[in-house]
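There are 2 protein chains.
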Amino acid sequence: MSAKNAFYAQSGGVTAVINASACGVIETARKHPDKIANVYAGRNGIIGALTEDLIDTSQESSADIAALRHTPSGGFGSCRFKLKGLEESKREYERLIEVFKAHNIGYFFYNGGGDSADTCYKVSQLSEKMGFPVQAIHVPKTVDNDLPITDNCPGFGSVAKYIAVSTLEASFDVRSMAATSTKIFVLEVMGRHAGWIAAACGLVEDNKIPVVVLFPEVEFDQEKFLAQVDEKVKEHGFCTIVVSEGTHWPDGRFLAEQGTRDSFGHAQLGGAAPVVANMIKEALGYKFHWAVADYLQRAARHLSSASDVEQAYALGKAAVEMALEGHNSIMPTVVRKSSAPYEWEIGRAPLSEVANVEKMMPMEFITEDGFGITSACKEYLYPLIQGEAYPPYNKNGMPEYVTLKGASVPRKLDSFEL
Amino acid sequence: MSAKNAFYAQSGGVTAVINASACGVIETARKHPDKIANVYAGRNGIIGALTEDLIDTSQESSADIAALRHTPSGGFGSCRFKLKGLEESKREYERLIEVFKAHNIGYFFYNGGGDSADTCYKVSQLSEKMGFPVQAIHVPKTVDNDLPITDNCPGFGSVAKYIAVSTLEASFDVRSMAATSTKIFVLEVMGRHAGWIAAACGLVEDNKIPVVVLFPEVEFDQEKFLAQVDEKVKEHGFCTIVVSEGTHWPDGRFLAEQGTRDSFGHAQLGGAAPVVANMIKEALGYKFHWAVADYLQRAARHLSSASDVEQAYALGKAAVEMALEGHNSIMPTVVRKSSAPYEWEIGRAPLSEVANVEKMMPMEFITEDGFGITSACKEYLYPLIQGEAYPPYNKNGMPEYVTLKGASVPRKLDSFEL
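Chains as they are written, first to last, in the numbering used here: chain A, 1 to 418; chain B, 1001 to 1418.
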């Protein structure tokens, strides 16, 4: 069998460690030039494949590829472009195969969450049918930690570490000020559907911080919430509140959709944190501060967890190795062997079982009152934030993140309208 | 001369490194038991002195005092309690001296910004007059970097590093997404009057990030601002915007005071970032994300600059040494000898020249268009964010920040109504 090329693309919201997976894919592929001639990356994700806008990764130096391991964001660009069913998006799937054929691409490594797992699965099915079989391997990535079968998803551990540490630090701050000033600190974190990231803030309880967590999994009960906060302030002098962006009222409206209008009558400037903070001020009179972490949390490579970086790399590496072993339509996974000490190994899951399945937080991870996490949850979370994997810094005190050259592969086909 | 006790208090908003100064004070005092019998700390700042609520730091282990060096927040508690003029706040000043006398306190180390420098100055004047002379030394601290004479203030360098790195990381993130999704990232940072923190974000320009900075020193010009943003998006595909909380319209109104009302008609939920983000969306149509760093920035000990931690400690140490040399009514300062390589030494400033003077950002640090920083500003900033001084982490992956015992010194006086 003569060597084929590989195609790699990043999908959806980027993370602090998705580039570590890219690094794992490319470094491993480079060790097998007899089987993988070159790795082409999609510029801005799958759109790069559809528009035949491919990046020639062989033009990137070993040092730059190695630097991807400690560089946050998507080094090749990403996109939120969802391919639908095989019939509905037939034109797009056929174009993908056409591009793969034109560039002798025999391996498809797609690095993303649920949607990209589904696309990956469909490509493997279709390519076979179309007589140009491509081995499609999905590399898991999502800060939301919502992929099934794998114990956890690369990207999540680093957000969890950053958010847990930041919550601890801000809580120490408000504790210092609480006697005469700020008594409430509200932090808004990502999580539309799943409260995994918010759960990580619950870890600060082990540092004796009074914390109330608002999960998207639990309908917001204003009265119960205010009573909880008041009780904690009365007991500890202060209280930290963590609110998932997806926290919602019983009728499904997000907390952030408070009907807020600016002076021009424009709707809602957004943010569940200010809504919660003002609600507390209104009802209980406590002085507050609030923060919205947004992109800072998923980009915070400066505080990634070592286990997350290691797994992100290992899953990229395993994807290539599995492809070389002849596997198709699978996703390498993290299998937890033990929590203390933390031991894990690489497993694999068929994409048919990954696509379109969302893993929610088990209800036994949330305390009965709905405002905290259980010891089972802590046991699950701690291994994922273990270890510090700092990036290198230059002499000016800034991290040395790499920007790739991104040289284009010459086009061979007609253009394609998205 | 028999040994006297020292009093130490933390004032105003706390920082990532104010405890490093406390560590410098206490460790140095412990080396001179012949002159300083014990260090009493004010619980919750100067209020602790007024209410005779003193913490006996001799009850804290050497290990716990050493751990203050890497623990953010105010380990003894702080407050925002401003003593006014000697006449106006006569009762409070006299109470301070009474408490100092009752506890044989001959040294007063006050760790804070402009207000505490003023209080420190007045205590040294009054104590002399009242026949119980106290050596009052001010230890500088403020994330706002607005104290005069000293080249910079402990606390600022760490915020600057955290904010510069976070801006870089989030900018890499939005760059990855910009082709088909988010093109604008807005980060709100602290700074009511001075734009030092916002200026630090301007450093990302050296990483080829298109950035527009809004300073409190520059009146907001919406038209010019939107044109700048649009130009950068058209050229680079995305744009990062940093807005100081103190950014204001020509008439003085803060951007955050947009007359925003919730559905109950309550005023303004706050945040200049969402105002700016929505303004861009409205005018230019670009998809945005925004973050408000708030306490996260000043508490982020996990990414403190090594030079900041070193200076915070050195100034606390110098304060004690200067007191032992007989100095009074002064503040140890940072004197910059050279920017590249960075060299500095400890100097001192008379409190009469520090009290009530606010150091603004020099206009030659802001570019002519008002949206960026000059190379002179970069030369000033880089040394302050040099080096990484990471805290230790436990096996679970959380930093080992210390919570002190905080044992009380027995009271000797009648209670005092604040």
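In this text, a Cβ means the ideal position worked out from N, Cα and C, and glycines have one as well. Since we're looking at a predicted model, the values are computed, not measured.
Taking a contact as a CB-CB distance under 8 angstroms, the pair P1072/B and V165/A does not count as one, their CB atoms being some 10 angstroms apart.
DSSP lists no bridge partner for H1103/B. Per the DSSP secondary-structure output, I149/A pairs with nothing in a beta bridge.
When DSSP states are grouped into helix, strand and coil, F1172/B belongs to the helix group. By the Cβ criterion, the segment 1203-1211 of chain B is not in contact with the segment 1299-1317 of chain B, since fewer than three pairs of Cβ atoms, one from each stretch, lie closer than 8 angstroms. P1274/B sits buried, since 16 or more C-beta atoms from the chains shown fall within 10 Å of its C-beta. DSSP, read as helix, strand or coil, puts H236/A in helix. As the crow flies, the alpha-carbon of K35/A is around 29 angstroms from that of T142/A.
At a C-beta separation below 9 angstroms, N1044/B has these neighbours in chain A: S176, M177, A178, A179, T180. Take D118/A, set aside five residues on each side of it, and the residues of its chain with a beta-carbon closer than 7 angstroms to its own are A355, N356, in chain order.
G370/A is classed as buried because its beta carbon has at least 16 other beta carbons within 10 Å across all chains shown.
H1327/B is outside the set of residues whose beta carbon lies under 8 angstroms from a beta carbon in chain A. When the five nearest sequence neighbours on each side are left out, the beta carbons in the same chain lying within less than 7 angstroms of the beta carbon of E217/A are those of G195, M360, M361, I366, in order along the chain.
L96/A and Y380/A have their C-alpha atoms roughly 39 angstroms apart. Distance from the CA of A272/A to the CA of E257/A, rounded to the nearest whole angstrom, comes to 8 angstroms. Taking 8 angstroms as the cut-off, the Cβ atoms of F108/A and Q135/A count as close. Proximity of R301/A to chain B, defined by a Cβ-Cβ separation below 8 angstroms, is satisfied. The shortest CA-to-CA distance from R30/A to any of F81/A, E321/A, T15/A is the one to E321/A.
For D1056/B, the three-state secondary structure derived from DSSP is strand. Taking a contact to require three or more Cβ pairs closer than 8 angstroms, the segment 51-66 of chain A and the segment 406-415 of chain A qualify as touching.
What M190/A touches in chain B, judged by beta-carbon distance under 8 angstroms, is nothing: the nearest beta carbon there is about 11 angstroms away. For T1119/B, the enclosing alpha helix (DSSP H) covers residues 1114-1129. Within the model, the alpha-carbon separation for C1023/B versus P1332/B is close to 16 angstroms.
Across the structure, E88/A and A1300/B are spaced so that their CA atoms are roughly 48 angstroms apart. The Cβ of Y401/A sits closer than 8 angstroms to at least one Cβ of chain B.
At least one C-beta of chain A is nearer than 8 angstroms to the C-beta of E1388/B. The three-state reading of DSSP puts W1344/B in strand, counting E and B together. The contact set of C79/A on chain B, defined by CB atoms closer than 8 angstroms, consists of M1177, A1179, T1180, S1181 in chain order. For the C-beta of I385/A, the chain B residues within less than 9 angstroms are, from N- to C-terminus, N1396, G1397, M1398. In the structure shown, the three-state DSSP call for P72/A is coil. One thing to note: V1123/B has its Cβ no nearer than 8 angstroms to the Cβ of V1186/B.
Annotated three-state conformation of A199/A is helix, per DSSP. At a beta-carbon threshold of 9 angstroms, none of the residues of chain B lie near V242/A; the nearest stands roughly 12 angstroms away. Beta-bridge analysis with DSSP links L1214/B to V1243/B.
Scanning chain A for C-beta atoms nearer than 7 angstroms to the C-beta of L1050/B yields nothing, as the closest lies near 11 angstroms away.
Here S1176/B is not near V25/A, since their CB atoms are 8 angstroms or more apart.
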